[in-house]
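Single-structure report; data block below.
In full-length UniProt numbering, the protein residues as written are 1 to 121.
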């Protein structure tokens, strides 16, 4: 229940951001309550449905926004940098005549060297 309340609060916070003029309005609390009740209803409906596929998120816009917010991984260039580092070890002036296939095989073997040694392949 606490997790549900937290999600509802986060959904209503993101959905009800207003500009400074509207925050002084008498009706701003009514608008916020209406938005919060919409999000609560959407969340309750989502939990009651048995369909938990990713496609069902298209029916629940605020839940989809939170899903994307919390389940999107950050981009990292570390794996690519590691691959280029391995390629610089394999591609040296003495190996300038390597074919593309042989170069790919050597990079693959160099990248999986720990795995190969661990399992004696």
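Beta carbons: idealized from backbone N, C-alpha and C, even for Gly. This structure is a prediction, so every number in the text was calculated from the model and none was measured.
Item	Value
Cα-Cα separation between residue 27 and residue 37, rounded to whole angstroms	Since pLDDT at residue 27 reaches only 49, below the 50 mark, its modelled position is unreliable, and the value read off the structure follows with that caveat. When rounded, the distance between both Cα atoms is 16 Å.
First and last residue of the uninterrupted alpha helix (DSSP H) at residue 97	Looking at the DSSP string, residue 97 is not in any alpha helix (DSSP H), and its letter there is neither H nor E.
Cα-Cα separation, residue 127 to residue 59	Absent from the structure is residue 127, since the part of the chain shown begins at 1 and ends at 121.
Exposure label - residue 94; buried when at least 16 CB within 10 Å	exposed
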